Every structure is written in structure tokens, then in C-alpha cells.
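J.:
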Amino acid sequence: MNQLSSAQRPITFCAQYIAENLLLLPLEELLQVARQHETLSDLEKQSLQEAHLFALCKSSETDPNKEEILYISQCFGINGESDLLKRLTSHAELVEIIERAKETWPQDVFSILLFPFSHEPYLLPAEGIKEEEIQQTPELHKKLEKIQRLQVPVRRKIDLLEAALIGHFAPLYNQKYPKKFSPSLGKLLEKFTLSSISAVLIEFSTEQLEIEFFSQTQAPEKQVLLPFDISSKTKRHAFLTLKKQ
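Going by the numbering used here, the sequence shown opens with residue 26, and the numbers climb by one from there.
1. Closest to proline 208 by C-alpha separation, out of Ala188, Thr114, Thr64, Gly192, would be which residue?
2. Enumerate in chain order the residues of its own chain whose CB-to-CB distance from phenylalanine 217 is below 7 Å, with the five nearest sequence positions on each side excluded.
3. Skipping 5 residues on each side, what residues in its chain have a beta carbon closer than 7 Å to that of serine 31?
4. Going by C-alpha to C-alpha distance, which of Pro141, Ile97, Gln61, Ser136 sits closest to lysine 111?
5. Give the DSSP-derived three-state secondary structure of serine 66 in the structure shown.
6. Is the region 217–236 touching the region 196–203 in the sense that three or more CB pairs, one from each, lie closer than 8 Å?
7. Along the chain, where does the alpha helix (DSSP H) that runs through aspartate 184 open and close?
8. Please classify glutamine 243: does DSSP put it in a helix, a strand, or coil?
9. Taking buried to mean at least 16 other C-beta atoms within 10 Å of its own C-beta, is serine 66 buried or exposed?
10. Could you tell me the boundaries of the beta strand (DSSP E) in which isoleucine 137 lies?
11. Starting from the C-beta of threonine 242, find all residues in its chain whose C-beta is less than 8 Å away, skip the five residues before and the five after it, and write them out in chain order.
12. Between the region 82–93 and the region 174–189, do three or more beta carbon pairs fall short of 8 Å?
13. Let me make sure I understand the geometry here. Which of Thr37, Leu78, Leu56 has the alpha-carbon closest to that of leucine 47?
14. For the alpha helix (DSSP H) that contains valine 96, what are its first and last residues?
15. Spatial neighbours of isoleucine 172 within its chain, please: C-beta separation below 8 Å, excluding the five flanking residues on both sides.
16. May I have the straight-line CA-CA distance separating phenylalanine 23 from leucine 56, to the nearest angstrom?
17. Taking the straight line between their C-alpha atoms, what separation do you get for threonine 87 and glutamine 176?
18. Taking the beta strand (DSSP E) that alanine 40 belongs to, which residues open and close that run?
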């Protein structure tokens, strides 16, 4: 039996979000800045402005090149500006988490890992379809252009990335302080699938930091590639409720 050509079979795409230039800053330094006792370097200021998410980390008790991720949350404020410094001293839940962590590990050093993700996803053809094949097939090229016109609000994109990272690392304090995501995120994932996007890929590397990150459920790693299948309602629900698929 002859195989269907790419123009005849349904073609799906993956939306890939990549975090680049991750930065790890000492928690105490950021707290001092938040209290206006210290200033940040230009690089640190830029990283705070560009970061979408942050993770509260604790140094490993046995290896200085390993950090445990304890909690993941958002950096962006309502208007898209970074409000992490303000949250460190005024967000009740975050302040409580930091205090509990310090009480639990009084001798350990804590840091904040900043995740600046690309603003738009890279669209990767699934099922082994080559880029040239898409460009040479008008029907597929038209479908790709339609996907590229999708409008993803910044808030929903950050929710999506946050859900993915929490679902992967299952950090200690995210389990103790669970987050319920807005129904709007579910609608975004459904919109993706209706536009032939069947998966979300989250990727980042901490090679430049020379540090491996881990959690209670994940072994230390520097290269992270997280594939999330969103092709069915059940799998989208698993993504939103932070359950392993």
C-alpha cells in the first residue's frame, strides 16, 4: 500500500520554548536589593527584566555544583514588568516559603535561578516532516502561516511554562503550596490543538552555569528537554493539573 504524501496526511507541529542565558543569583543579595541596601549589576538588572520564571534553590549538602529546586513561580507583574524584587519582601506566600526553607536548612545557602524564555515558540514539524517539504507544499505552508498568526498573551505563555516546569520538577514547596491554573490556559492548549499543534517542548541548559539542578523527583541535570503531549483532552488535563502523563 502506498504511503500518503505529506499533503494528504494530517500534519502536526510542536511549539518549542527555549530558555537562554539563565542566571543564578544569591537570595540574600536580592533581598538586600529589595530592601534598597545594595545595587545590581547591569547584567543582573537585565536578567531580572527579561526573566519569565524563577526557582528558589538550595545548595547541595554534598556537592557545590548541584542545586536543589525547592519552588518555581512567576517573575512578571500584571503589566509584564518584573516584580520579583517586590515579591521577595511583600508576597505573603513567597515570604513564608523562604522563611520555612531557612528554618529547615539554617546552614544552607539559597539562590534564585532566573529563566528568560524566548517570546515566541519555535514551531517544529512533527512526524519527521522536513522544513523543505513544508515550504514546497502550499497546503502545509498555509497551515504553518496560520499557526504563526496565533496570538498567545504573555500571561498565558508564562502560565504554560510555569505548569511545565512544576510538572517536571515537582518541587517541594510547589507540592505544599499547590497552584490552580486559570481555565484560560486550558483554552489556549485547546486552541493549539485545533491549529495542529500537538505538543509543547520546553528546553533549557545550565551548562554555562556549570551547575546541575535537581529536585526530590528529578536527578541532577544540565540539559533539560521536556516534551508534553497535548493532543487529547486527557493529556491536556494532566498538564494543567501538574500530574505525570
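The beta-carbon is built from N, C-alpha and C at its ideal position, and this holds for glycine as well. Just so we're clear, the structure is a prediction, and the values are computed from it rather than from any experiment.
T.: Well, looking at it:
1. For the set Ala188, Thr114, Thr64, Gly192, the Cα lying nearest the Cα of proline 208 is the one of Ala188.
2. Correct list, in chain order: Ala40, Ile255.
3. Caution applies to serine 31, whose pLDDT of 40 falls short of 50 and renders its modelled position unreliable; the model cannot decide the point.
4. From the listed residues Pro141, Ile97, Gln61, Ser136, the smallest Cα separation to lysine 111 is found for Gln61.
5. In the structure shown, serine 66 adopts coil according to DSSP, grouped into three states.
6. Three or more beta-carbon pairs separated by less than 8 Å are not found between the region 196–203 and the region 217–236, which leaves the two stretches without contact.
7. Per DSSP, aspartate 184 belongs to the alpha helix (DSSP H) from 179–194.
8. Looking at glutamine 243 - three-state DSSP - the assignment turns out to be coil, as it is neither helix nor strand.
9. With fewer than 16 other beta carbons inside 10 angstroms of its own, serine 66 counts as exposed.
10. For isoleucine 137, the enclosing beta strand (DSSP E) starts and ends at 135–140.
11. Excluding sequence neighbours, threonine 242 sits near Phe194, Ala195.
12. Contact between the region 82–93 and the region 174–189 is not established, with fewer than three Cβ pairs separated by less than 8 Å.
13. It is Leu78 whose Cα lies nearest to the Cα of leucine 47.
14. As written in the sequence, residue 96 is tyrosine, which differs from the valine given in the question. Segment 91–99 is the beta strand (DSSP E) holding tyrosine 96; no alpha helix (DSSP H) there.
15. Excluding sequence neighbours, isoleucine 172 sits near Phe38, Leu148, Ser220, Ser221, Ile222.
16. Outside the displayed span of the chain (26 to 270) sits residue 23, for which this structure offers no information.
17. Straight-line spacing of the CA atoms in threonine 87 and glutamine 176 works out to 46 Å.
18. 38–44 is the extent of the beta strand (DSSP E) around alanine 40.
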